[in-house]
Amino acid sequence: MNQNGSRLSASPLQNVLGEYLQVTIRDQSVYRKKAKSYEFDFWEIVKAITERKWEDKVANLKKEDEKAVNELMSKSPKH
Numbered sequence: 023m024n025q026n027g028s029r030l031s032a033s034p035l036q037n038v039l040g041e042y043l044q045v046t047i048r049d050q051s052v053y054r055k056k057a058k059s060y061e062f063d064f065w066e067i068v069k070a071i072t073e074r075k076w077e078d079k080v081a082n083l084k085k086e087d088e089k090a091v092n093e094l095m096s097k098s099p100k101h
């Protein structure tokens with residue numbers, strides 16, 4: 023606050039940094055939610071008992087992200 027009791031105006035740099043911080047926090051939140059979604063989908067695939075259920079779960083993941091399915095299928099299963 024200045025001597026008159028009004029707020030000091032922020033510099034343009036502070037405005038840009040504040041906006042950047044807000045965008046970063048929002049993006050991190052979206053990423054975290056998406057990561058949890060992928061984790062849930064992967065575990066659903068692992069828990070599939072029948073081949074039909076497995077194919078359905080893989081198809082659901084493929085709708086969300088085809089790249090994730092391709093990466094999953096490129097891994098060799100370890101027993």
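Each position in the sequence shown, counted from 1, maps to that position plus 22 in our numbering. Ideal Cβ positions, reconstructed from N, Cα and C, are used throughout, including at glycine.
If we ignore side chains and look at the alpha-carbon of each, how far apart do D87 and A70 end up? For the purposes of this step, residue 87 is taken as the residue at position 65 of the sequence shown. For the purposes of this step, residue 70 is taken as the residue at position 48 of the sequence shown. Using only the alpha carbons, I get a separation of about 19 Å.
So what's K97 in DSSP terms, helix, strand or just coil? Looking up residue 97 in the sequence shown gives position 75. Three-state result, K97: coil.
Candidates S96, W65, S98, K97: which alpha carbon is nearest N82's? One-based indexing of the sequence shown puts residue 82 at position 60. Taking only the C-alpha atoms, the option nearest N82 is W65.
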